[in-house]
Structure formats: structure tokens, C-alpha cells
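Numbering (my numbering), first residue to last: 69 to 467.
These notes are about the structure you will find just below.
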Amino acid sequence: MTTFAIVGASLAGLSAASTLRRGDADASIVVVDPATELPSDRPPLSKQVLSGEWEPDRAHQPLANKVGDLGLDLRLGTAATVLDVAARTLSLSDGTQVVSDGIVLAMGASARSLPGPALAGVHVVRELADSLALRSELDAGPSRVGVIGAGFIGAEVAATCRERGLDVTMIEAAPTPMLRAFPEQIGAFVADLHRDHGTDVRLGVGVAGLIDGGDGRVAGIGLADGTTVDADVVVVGIGVTPNTGWLDGSGLDLSNGVVCDSSTLAAPGITAAGDVASWVNEHFGEAMRVEHWEHAIEHGEAAAARLLGGDPSAVPFLSVPWFWSDQYDLKIQMAGRPSGDDELHLMEGSFEERRFVVAFRRGDRCTGVLGVGRPRHVMQARMRLRESLDWAPIAELLT
Ligand SMILES: Cc1cc2nc3c(=O)[nH]c(=O)nc-3n(C[C@H](O)[C@H](O)[C@H](O)COP(=O)(O)OP(=O)(O)OC[C@H]3O[C@@H](n4cnc5c(N)ncnc54)[C@H](O)[C@@H]3O)c2cc1C
């Protein structure tokens, strides 16, 4: 009997499990995860769970549904600790080993924290427990929430806190929010959106350190320009680190998460997917590591299909990444993979109305389409981008 092993029982790992089961009804599929219960779906953690609109159980549902009746050998409370690449063997934290015909690495990523001693009142938002711990502090009515980092997690948490009626300061070292991903006009739009909702947005200033109130609890944030921001609750949203520490010394390339070829293969019989994995996306002609919900599903499916198909049928995993973000009453959606250097073209609507579609251009290529309050346009553009990144057909579609 064939044995597959999956490391990580979250979105990418369980999507891989479902594809493996469809492809091989008899295989043994071992899934390991140190979490003692199935991880929760993550998007509601900075939105509905944090706001109090959803009870935590609801965030568990999507992954519980995925497990369904797949007949998995699901080993929760068990981490993979060592990988023998040549023997395709995993050593586990319970002292056992799994020898397998194929392995999917889907360990996701962990939220980065600030250096320095831990202070009460300082939070990250990655796990359900993080969101609930922050929610209970918000329930107590802090006098001011400081959010460090204006990427998607920071911006969503800031918006949720403002919608709860709390005073919020959002601090970002770059001149505009999300500059790594978008040209500055989009960041400026996001900054204006937050300011109009009463968030104090501080841009272009780094954080020097957290201020200890003297009782082991945070009292504020010291900024690099010498000023301080009072805050009795602080949320740190400064990105993530792929969970690859346990693979040090395995021989895998870990220079950008688990580095894979275009077919998601990290080594013979070993694939990787989701937040932890980078691969060569031949559709864009570049290596990328994507941290989006739907991507984790598609990537998990592709990594599993790669193991099922074997080398002769290896095909590249071609992807047009897609994500959404909810901030205040706006839904921001994007298809593609633009960078901060791309040209921005307004295709429809206006920034003032807060309903618009922009397309990003690099030479003759369209690298992405972003819409605010325009889901249909983004979906159509995504389909077109899947066919080709040529600028002309996208421009024609959107104008
Ligand atoms: C607060 C928040 C809000 C988000 N909102 C959005 C959104 O609005 N839109 C969007 O597109 N995306 C959003 N995302 C991103 C999206 O949720 C992630 O991209 C997705 O969850 C990644 O899934 P994954 O399975 O790759 O990794 P993860 O969900 O991180 O799962 C990895 C699993 O691997 C396990 N693991 C780690 N190490 C080991 C080990 N050694 N052995 C065994 N198991 C291990 C972990 O315990 C974990 O369960 C959000 C993310 C967060 C945190």
C-alpha cells in the first residue's frame, strides 16, 4: 500500500490530503500537526472573530469540513522534527517515524514578533488563540490600541479595532502602507481610508522599542524619530517567517521557505505548498512565495497531484494568485502579482468614490488587477490573466 505523509493539517495540507484521496482510494495518508485540535480558518481571525461577530467554533468549520470522511491517519499534537530526504522518512515528536512514498510539506508560517522582553498587552494575530486573547483585551476597553505594521494583517486589525470604537494608532516604517506589494497610490488610498475612519496613521517612521509601564505591561511605543505613542494594547503585524526551522540540515534549499521547482517539487518525492513554499511560477516567469488563502488550496492540490502523477507527468504549477482583504466597509480584491515598481493604470471608477479597478503594468505585461468594491471585474480579469499576461486584452476587458 502506498503511504503519503503531510506535514501541517491546515489549508494547504488538507487540500493536498483531499487530492491524494481522490487519486488513491487505498493509500495510507498520515497528516501530522503540533496543534492539538484542527487549526482554525485564518481570515476571520483579524475580522469576524476579532470583532466578536463570530464565535470561535465557526472559524473551525471550513477545515473540519475538509477532513470530512477522507479516512486520514490524522495525528494532532504531533510535530515533524526531522526529515530524511533520501529515505522519505519523517521523525515525529512522539518518537515514531513515518516512512512514505511521498511527502507534502505544508507547515505554513509564524508571525514575527519584535525583539526585546515579552510584555503583557502585546499581541500578534496568527492563531485562533491569538485572536481570542486580543479580543478579550479589546472587550476590556483599552484607552488606545497601537498597531505596528500596515500590511494586510495590521490594516485589517486596525480597521476592526476602529469599528469597535477604540482609539487606534497605526505605525508603518515605509512611506505608504503595503509598498512592497503595490505602487504607492494604493498605499496612499489605504492610508486615507484609515484616516477618514479616525485612525491615527503614522507613516515613514520605524519603531525603536516598546515602553514598559513598569508593571510588565506595555504602556506605549517608542518611535525612531524620538516621539512616543501611548498604547495599552499593541498588535505587531510585521510579517511572517516560514516554519522551516526543523528542516535545517535536511539538505533542502530553505532560502525562501521550502524552495521548489516549477512543479512544486523540493526533492524527489517531496513537494511543498502554501505559505511555507516558494516555487517557480512559469506563468509570471519568477519564483514566488504567496501567503494567500485560495493560493494555499490550489498549491496544496498541485503539490499532491505532483506526487500522484510521478515524474513522467510532471507539469508546472501555473498560478494567478488572488486574495481579498476586508477593511471597514470595503472589500479589496486582487488578482496577480504586481510589485511596487509597476505602473498603475486606473481602469474604472475613482479613488474618491472608493469604487475602482486599477491594473498594474510592467512593459507589455499586466502583472495584476486590483479592485475596490468591484468583485466581478477582478474575477473576469483573473480569468483573462490565466490565459495570458499580455497587457492589451486586459486593458480591452477593463475599459
Ligand atoms: C489573521 C489572518 C488573516 C488572513 N486573511 C486573509 C484574507 O483575508 N485573504 C487571504 O487571501 N488570505 C488571508 N490570510 C492568509 C491565509 O490564511 C494563509 O495564506 C493560509 O492560512 C495559509 O495556509 P497554510 O496551510 O499554507 O499554512 P497555515 O495555515 O499556517 O498552516 C500550517 C500548519 O502547519 C503546522 N505545522 C507547523 N510546523 C509543523 C511541524 N514541524 N510539523 C507538523 N505541522 C507543523 C501548523 O501548526 C499549522 O497548522 C490571512 C492570514 C491570517 C493569519
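Beta carbons: idealized from backbone N, C-alpha and C, even for Gly.
Beta strand (DSSP E) segment containing residue i, residue limits
i           : result
residue 257 : Residue 257 -> not in any beta strand (DSSP E); alpha helix (DSSP H) instead, spanning 252-264.
residue 347 : 345-349
residue 393 : 390-395
residue 354 : 354-357
residue 451 : Not the beta strand (DSSP E): residue 451 falls in the alpha helix (DSSP H), residues 443-455.
residue 365 : Note, residue 365: premise wrong, no beta strand (DSSP E); alpha helix (DSSP H) at 361-377.
residue 416 : 411-418
residue 466 : Taken as a continuous stretch (DSSP letters only), residue 466 belongs to no beta strand (DSSP E), being part of the alpha helix (DSSP H) at 459-466.
residue 296 : 296-298
residue 425 : 423-430
residue 159 : 157-160
residue 287 : 286-291
residue 402 : 398-404
residue 248 : That residue, residue 248, is in no beta strand (DSSP E); it is neither H nor E in DSSP.
residue 169 : From DSSP, residue 169 is part of no beta strand (DSSP E); its letter is neither H nor E.
residue 382 : Here residue 382 belongs to no beta strand (DSSP E), and DSSP marks it neither H nor E.
residue 276 : 275-280
residue 147 : Segment: none, residue 147 is in no beta strand (DSSP E) and carries neither H nor E.
Proximity test, residue i beta-carbon vs ligand 1 heavy atom, cut-off 7 angstroms
i           : result
residue 175 : yes
residue 385 : no
residue 223 : no
residue 360 : yes
residue 393 : yes
residue 162 : no
residue 406 : no
residue 320 : no
residue 124 : no
residue 343 : yes
residue 102 : yes
residue 310 : no
residue 76  : yes
residue 193 : yes
residue 430 : no
residue 181 : no
residue 314 : yes
residue 79  : yes
residue 414 : no
residue 113 : yes
residue 107 : yes
residue 93  : no
residue 285 : no
residue 156 : no
residue 147 : yes
residue 110 : yes
residue 373 : no
residue 364 : yes
Status (buried if at least 16 other CB within 10 Å, exposed otherwise) for residue i
i           : result
residue 133 : exposed
residue 143 : buried
residue 386 : exposed
residue 375 : buried
residue 230 : buried
residue 251 : buried
residue 201 : exposed
residue 240 : buried
residue 401 : buried
residue 343 : buried
residue 312 : buried
residue 109 : buried
residue 339 : buried
residue 167 : exposed
residue 296 : exposed
residue 383 : exposed
residue 443 : exposed
residue 458 : exposed
residue 414 : exposed
residue 395 : buried
Integer-rounded CB distance, given that residue j should sit under 8 angstroms from residue i
i           : j           : result
residue 292 : residue 276 : 5 angstroms
residue 180 : residue 120 : About 26 angstroms separates the two Cβ atoms, so there is no contact after all.
residue 106 : residue 131 : 5 angstroms
residue 393 : residue 220 : 5 angstroms
residue 148 : residue 75  : 5 angstroms
Opening and closing residue of the alpha helix (DSSP H) in which residue i lies
i          : result
residue 73 : Taken as a continuous stretch (DSSP letters only), residue 73 belongs to no alpha helix (DSSP H), being part of the beta strand (DSSP E) at 71-75.
CB contact below 8 angstroms: residue i versus chain D
i          : result
residue 85 : Going by chain labels, chain D is absent from the structure shown, which holds only one protein chain.
Please give me, in chain order, every unbroken run of the beta strand (DSSP E) with length at least 3 that falls completely inside the segment 88-138. Qualifying beta strand (DSSP E) stretches, in chain order: 96-101.
What ranges does the beta strand (DSSP E) occupy inside the segment 177-240, keeping only unbroken runs of at least 3 residues that lie completely in it? Counting whole runs of 3 or more residues, the segment 177-240 contains the beta strand (DSSP E) stretches 177-179, 213-216 and 236-240.
So within the segment 310-334, which uninterrupted beta strand (DSSP E) runs reach at least 3 residues, ignoring any that extend past its ends? If you keep only unbroken beta strand (DSSP E) runs of at least 3 residues inside the segment 310-334, you get nothing at all.
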